[in-house]
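Numbered by our numbering, the letters in the sequence shown go through residues 15 to 337 in order.
Encoded as structure tokens, the structure appears first; notes follow it.
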Amino acid sequence: MRPRRAAVVLLTGAIAAAACGASAEPPIDLRSRQIGPHTWYVEGEAGAATRENRGFNANAGFVVTADGVVVFDALGTPALGAALLAEIRRRTQAPIRRVILSHYHADHAYGLAPLRVAGAQIWAHRGAKIYLDSEPARTRLAQRRETLAPWIPADFELIEPDHWVDGDFDFTLGGVRFDIRHVGPAHSPEDLSMLVLPDGVLFTGDLVFAGRIPFLGDADSAGWLAALDKLADPRARVLVPGHGTASTDAQAALRLTRDYLLDLRAQMRQAVADLLPFDEAYARARWDAWSGLAAFAEGHRANAYAVYLEMERESLAPPQPPG
Ligand SMILES: [Zn+2]
Numbered sequence: 015m016r017p018r019r020a021a022v023v024l025l026t027g028a029i030a031a032a033a034c035g036a037s038a039e040p041p042i043d044l045r046s047r048q049i050g051p052h053t054w055y056v057e058g059e060a061g062a063a064t065r066e067n068r069g070f071n072a073n074a075g076f077v078v079t080a081d082g083v084v085v086f087d088a089l090g091t092p093a094l095g096a097a098l099l100a101e102i103r104r105r106t107q108a109p110i111r112r113v114i115l116s117h118y119h120a121d122h123a124y125g126l127a128p129l130r131v132a133g134a135q136i137w138a139h140r141g142a143k144i145y146l147d148s149e150p151a152r153t154r155l156a157q158r159r160e161t162l163a164p165w166i167p168a169d170f171e172l173i174e175p176d177h178w179v180d181g182d183f184d185f186t187l188g189g190v191r192f193d194i195r196h197v198g199p200a201h202s203p204e205d206l207s208m209l210v211l212p213d214g215v216l217f218t219g220d221l222v223f224a225g226r227i228p229f230l231g232d233a234d235s236a237g238w239l240a241a242l243d244k245l246a247d248p249r250a251r252v253l254v255p256g257h258g259t260a261s262t263d264a265q266a267a268l269r270l271t272r273d274y275l276l277d278l279r280a281q282m283r284q285a286v287a288d289l290l291p292f293d294e295a296y297a298r299a300r301w302d303a304w305s306g307l308a309a310f311a312e313g314h315r316a317n318a319y320a321v322y323l324e325m326e327r328e329s330l331a332p333p334q335p336p337g
């Protein structure tokens with residue numbers, strides 16, 4: 015069991031019911047861990063979002079400054095967003111100024127509403143605009159309604175940001191500096207990371223997965239590898255991945271995701287070069303380095319197929335000039 019230092023927050027049944035539309039669900043038990051003088055994070059359970067873990071499979075964080083709170087990501091249901099808010103309120107009564115959203119995937123964004131009601135402005139990268147009104151977004155919502163009932167209310171709607179971000183930017187609040195970087199398109203077109211200074215805490219969103227198979231979806235694996243290089247900021251002392259435990263060795267934390275992407279690309283590139291159909295390529299490939307990780311059964315084959323298609327596209331692309 016991982017050490018947990020911070021207090022337990024029990025969201026009362028009444029609040030949970032108001033937040034999620036359920037009436038008989040047990041309270042959500044959400045704990046945060048301090049990882050810097052101003053910075054805390056909550057860690058979701060390993061693996062996929064399920065009814066058993068109430069959709070709590072991703073991380074979020076918050077930074078308490080003299081002039082208010084900045085939140086990074088909002089977790090995967092309105093009830094979890096409310097539980098995150100309750101945990102922040104245990105630390106401070108300061109106003110919640112902003113949520114920096116790493117990307118619009120369900121497990122990071124479905125908890126936005128309670129934070130906005132509390133006064134936060136939602137900031138997200140413009141790359142999410144197409145996704146928000148897309149068939150994949152509607153399909154994901156229908157899937158979550160089914161698999162996470164009753165935690166996704168019938169009238170749930172994914173909310174748009176108050177402010178669209180166009181690229182890298184920095185801001186300072188209460189003496190704390192926030193370096194926001196657009197590191198997509200990688201895991202998603204809109205990926206944002208946040209480096210908190212002087213704490214040296216880097217929130218990577220889903221650019222980094224720890225202790226589990228990354229989720230690729232329709233990711234751009236070449237862009238993702240480049241983004242991991244952009245994330246390797248020497249000022250980052252603690253790295254908070256989108257999923258998994260925070261690490262005080264940022265380079266090691268980047269390694270699992272980088273090695274996974276490199277291996278998938280190498281094996282699927284070879285399969286495409288050998289003109290192997292995907293099923294045969296998948297059966298022949300060696301996956302022992304990854305098969306013991308959480309979410310392998312749920313996600314690995316789909317990841318391999320996505321990269322296989324990407325390698326096909328790359329094989330058809332005109333050659334790049336050297337350098
Ligand atoms: Zn994601």
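All C-beta atoms, glycine included, are put in the ideal place defined by N, C-alpha and C.
Taking the beta strand (DSSP E) that residue i falls in, what are its first and last residues?
i, result
"F14", "The structure shown does not extend to residue 14, since the chain is modelled only from 15 through 337, so no value can be given for it."
"D338", "For residue 338 there is no data in the structure shown, the boundaries of the chain being 15 and 337."
"I136", "135-139"
"W54", "53-56"
"D220", "215-223"
"D184", "183-187"
"L253", "252-257"
"H117", "Run containing H117: none; DSSP gives neither H nor E here."
"L44", "43-45"
I think residue i touches residue j, with their Cβ atoms under 8 Å apart; what is that distance to the nearest whole Å?
i, j, result
"D81", "G188", "4 Å"
"E117", "A142", "Note on residue identity: the sequence assigns His, not Glu, to residue 117. Right, their Cβ atoms sit about 7 Å apart."
"Y55", "A72", "Actually they do not touch by this definition, with Cβ atoms about 11 Å apart."
"P164", "A138", "Actually they are not in contact, since the Cβ atoms of P164 and A138 sit about 27 Å apart, beyond 8 Å."
"G313", "F229", "6 Å"
"A88", "L129", "6 Å"
Using the Cβ count rule (16 or more neighbours within 10 Å means buried), how would you classify residue i?
i, result
"R65", "exposed"
"L276", "exposed"
"D213", "buried"
"G306", "exposed"
"A250", "buried"
"P92", "buried"
"T186", "exposed"
"T281", "Position check: residue 281 holds Gln in this sequence, whereas Thr was assumed. Buried, since its Cβ has 16 or more Cβ neighbours within 10 Å."
"A246", "exposed"
"S202", "buried"
"F86", "buried"
"S37", "Because the pLDDT of S37 is 43, which lies under 50, any placement of that residue in the model is unreliable, and the number read from its coordinates should be weighed accordingly. Exposed, since its Cβ has fewer than 16 Cβ neighbours within 10 Å."
"P199", "buried"
"T79", "buried"
"R68", "buried"
In angstroms, rounded to a whole number, what distance separates the CA positions of residue i and residue j?
i, j, result
"D205", "T271", "15 Å"
"L242", "R103", "33 Å"
"T106", "T161", "34 Å"
"L330", "Y296", "21 Å"
"L155", "Y274", "28 Å"
"L97", "I42", "The amino acid occupying residue 97 in the given sequence is Ala; Leu does not appear at that position. Roughly 7 Å between the two C-alpha positions."
"A134", "I110", "5 Å"
"T53", "V84", "9 Å"
"G219", "S207", "6 Å"
"V168", "V131", "Residue identity check: residue 168 is Ala in the sequence provided, not Val. Going by the C-alpha atoms only, they are around 19 Å apart."
"G58", "S46", "10 Å"
"G181", "A299", "38 Å"
"V113", "W304", "33 Å"
"Y319", "F292", "7 Å"
"G256", "L289", "35 Å"
"A151", "F170", "13 Å"
"V197", "W238", "8 Å"
Heavy atom of ligand 3 less than 7 Å from the Cβ of residue i, yes or no?
i, result
"H122", "For the structure depicted, ligand 3 is absent and the ligand set comprises only ligand 1."
Determine the extent of the alpha helix (DSSP H) in which residue i is found, giving its start and end residues.
i, result
"Q281", "264-287"
"G237", "235-245"
"G75", "Not the alpha helix (DSSP H): G75 falls in the beta strand (DSSP E), residues 74-79."
"H122", "120-123"
"G50", "Element bounds for G50: n/a, residue is neither H nor E."
"G313", "310-330"
Residue j and residue i - do their beta-carbons sit closer together than 8 Å?
i, j, result
"F76", "G90", "no"
"Y322", "A285", "yes"
"R195", "L211", "no"
"V222", "G50", "no"
"G61", "A309", "yes"
"I136", "L146", "no"
"A120", "R159", "no"
"V215", "V254", "yes"
"R269", "M325", "no"
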